[in-house]
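In the numbering used here, the protein residues as written are 4 to 346.
By construction, the Cβ of each residue, glycine as well, lies at the ideal position given by its N, Cα and C atoms.
Being a predicted model, the structure only gives us computed values, none of them experimental.
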Amino acid sequence: MNTQNLQTYFLFALLVGVLTISFFIFRPFIYAIALAAASAVVFQPIYRRLFKLMPNKAWLTSIIATLAIIAFIVAPLILLGIRISQEVQHLYLSLAETGGKSGIISAVDSLVGSAKHYLPLPSDFSFDIEQYFKLGLDWLFGHLGDVFSNLAKMALSFFVFIVAVYYFFKDGHKLKKAVVSLSPLADDKDETIFRKLKLAVNSAVMGNLIIALIKGLLTAAGFLLFGISNPALWGTVAAVAALVPGIGTALVFIPAVFFLFVGGKAVFAAGLLIWGMVVVGLIDNFLGPKLIGRGMKLHPLVVLLSVLGGFAFFGPIGFLLGPLVVSLLFALLDVYSSLIKTR
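What follows is the structure, encoded as C-alpha cells:
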C-alpha cells in the first residue's frame with residue numbers, strides 16, 4: 004500500500020469519526036435547525052425584496068426577515084392564548100354558577116352505568132372522578148421538575164431556531180456555495196438537487212398550512228352544526244393544533260365532545276365525534292398527498308408513505324423531513340440516470 008492511499012484511507016476514517024461525533028453534538032438541535040432552514044426557504048421571497056431595498060445591509064435585512072417569522076409564529080399564538088384563557092375563565096364561572104361539578108359527576112356515573120350493560124365490567128365497578136382528578140394533580144406536582152425541564156429545552160430550541168434562521172438568511176448563499184464546491188458532481192447537477200429540495204420544502208410547508216386551514220374551517224363548521232359556542236375561535240385553535248403532529252385537532256374535539264355529553268346532548272356529542280374522526284380526521288389521507296406531492300412532482304402514494312414514515316422515524320418533524328429525504332432520493336436518482344446516459 005503506497006503512502007498516498009494510506010493518507011486517503013486515514014483521512015476518510017478520521018472524517019467519518021469526526022462527522023459521527025459532530026452529529027451527536029448537533030443532535031439536540033437538529034429539529035430546530037431543520038425548521039429554521041425550511042422557514043428561511045419559505046420566507047426567502049420576503050428576504051430578497053428587503054435585500055433589494057437595502058443591498059449593502061444583509062445583516063439588517065436578515066434581522067427584519069427573522070422578526071417577520073417571529074411575528075408570524077408568536078403573535079397568533081399570543082392572541083389565541085389570551086382568547087382561550089378568557090373562554091376557559093367564562094366556562095369555569097358558568098360551571099360554578101350552574102353546579103357544573105355535580106353535573107359532570109352524574110354524567111360520568113351515567114356513562115359507567117350504561118357501559119356495564121355492554122362491557123364485562125364488575126358489578127361493583129365505579130369511577131370516582133374526584134379521586135382520579137386528585138391522582139392527576141399528584142402526578143403533575145410530582146413531575147414539575149420534568150415539566151420545567153421540557154419548557155427550558157423548548158425555550159433553548161426556540162432560541163437556536165431564531166439564531167439559525169438569521170444566519171440562514173444572511174449566509175445561506177455561502178453555505179450553498181460551500182456544498183457545491185465540496186460536491187464531486189457537476190455544478191448544474193448540484194443546482195438541480197438544490198432546486199428540487201427547495202420545491203420539496205415549499206410543497207411540504209405550504210401543503211401542511213393549507214391542510215391545517217381546511218381542518219380549521221371544517222372544525223368551525225362542525226362546532227356550528229352541533230351547537231358549540233364560538234366556532235370561529237375553536238376553528239382557529241384547531242387549525243393551529245393541526246400543525247402539531249401527534250396532537251392535531253383532537254386537542255379541540257375531545258373537550259368539545261365531553262362538554263356536549265356532560266350537557267346532556269349525547270346525540271350531538273356522538274355526531275361531533277364522528278365529524279371529527281371522519282370528515283376532519285381523514286383530510287390528511289385524501290388532500291395531503293395531492294397538495295404536498297403537486298410541487299414535488301411525486302406520486303401521491305409515495306408522498307403519503309414519506310409523511311407517515313417520516314413521522315414514525317423522525318418524530319414530529321417527520322412531516323417535513325420525510326418528504327424532503329424522499330425528494331432528495333429521487334433527485335439523486337435523476338442525476339444518476341443522466342450520468343449513465345451521458346457515458
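Nearest-angstrom Cα distance between residue i and residue j?
| i | j | result |
| --- | --- | --- |
| His176 | Lys60 | 15 angstroms |
| Val168 | Ala181 | 18 angstroms |
| Leu332 | Tyr339 | 10 angstroms |
| Leu18 | Ala242 | 44 angstroms |
| Phe316 | Gly267 | 42 angstroms |
| Gly325 | Ala235 | 32 angstroms |
| Ala259 | Phe226 | 8 angstroms |
| Leu200 | Leu263 | 46 angstroms |
| Ala207 | Met299 | 9 angstroms |
| Phe54 | Tyr170 | 14 angstroms |
| Leu246 | Pro319 | 10 angstroms |
| Arg52 | Ala224 | 38 angstroms |
| Val204 | Leu216 | 18 angstroms |
| Ile231 | Ile76 | 27 angstroms |
| Leu301 | Phe289 | 15 angstroms |
| Ser160 | Ala269 | 43 angstroms |
| Ile367 | Leu178 | Here the chain has residues from 4 to 346 only, and residue 367 is not among them. |
| Gly20 | Phe314 | 28 angstroms |
| Val281 | Pro303 | 20 angstroms |
| Phe29 | Ala155 | 17 angstroms |
| Ile257 | Ile85 | 21 angstroms |
| Gly296 | Met209 | 11 angstroms |
| Trp62 | Tyr50 | 11 angstroms |
| Ile81 | Ala74 | 10 angstroms |
| Ile36 | Met57 | 26 angstroms |
| Val310 | Ser88 | 33 angstroms |
| Ser344 | Asn211 | Sequence check: residue 344 is Lys here, not Ser. Each residue's alpha carbon lies about 37 angstroms from the other. |
| Asn8 | Leu22 | 21 angstroms |
| Ile24 | Leu342 | 33 angstroms |
| Tyr12 | Phe27 | 23 angstroms |
| Phe261 | Leu276 | 10 angstroms |
| Met157 | Phe151 | 10 angstroms |
| Pro48 | Asn153 | 34 angstroms |
| Leu188 | Leu83 | 48 angstroms |
Kindly indicate which residue of the options has the alpha-carbon position closest to the one of residue i.
| i | options | result |
| --- | --- | --- |
| Ala244 | Leu63, Pro79 and Leu53 | Pro79 |
| Val44 | Ala68, Val328, Leu221 and Leu308 | Ala68 |
| Gly219 | Lys156, His302, Val240 and Phe46 | Val240 |
| Leu335 | Ser160, Ile33 and Ile196 | Ile196 |
| Phe271 | Asp190, Arg297, Leu342 and Leu228 | Leu228 |
| Tyr34 | Gly284, Ile165 and Leu276 | Ile165 |
| Val305 | Gly284, Ile286, Leu327 and Leu285 | Leu327 |
| Leu202 | Thr23, Leu188, Phe261 and Ser330 | Ser330 |
Near residue i, what residues of its chain come up, given a Cβ to Cβ distance below 7 angstroms and the 5 sequence neighbours on each side ignored?
| i | result |
| --- | --- |
| Ile213 | Leu294 |
| Lys192 | Val338 |
| Phe347 | For residue 347 there is no data in the structure shown, the boundaries of the chain being 4 and 346. |
| Gly251 | Ala244 and Ala245 |
| Thr222 | Trp237, Gly238, Ala241, Thr252, Val255 and Val283 |
| Thr6 | none |
| Phe15 | none |
Assuming residue i and residue j make a contact with CB atoms under 8 angstroms, what is their CB distance in whole Å?
| i | j | result |
| --- | --- | --- |
| Trp278 | Val255 | With 8 angstroms as the limit, Trp278 and Val255 do not qualify as a contact, their Cβ atoms being about 12 angstroms apart. |
| Leu307 | Gly291 | 7 angstroms |
| Ala41 | Leu323 | 6 angstroms |
Residues in its own chain within less than 6 angstroms of residue i by CB, not counting five upstream and five downstream?
| i | result |
| --- | --- |
| Ser186 | Asp193 |
| Ser1 | Outside the shown range of the chain (4 to 346) lies residue 1, about which nothing can therefore be said. |
| Phe32 | Val163 |
| Gly274 | Phe229 |
In its own chain, which residues sit with a C-beta less than 8 angstroms from the C-beta of residue i, not counting the 5 before and 5 after it?
| i | result |
| --- | --- |
| Gly312 | Gly321 and Gly325 |
| Asp190 | Val183 |
| Arg198 | none |
| Gln10 | none |
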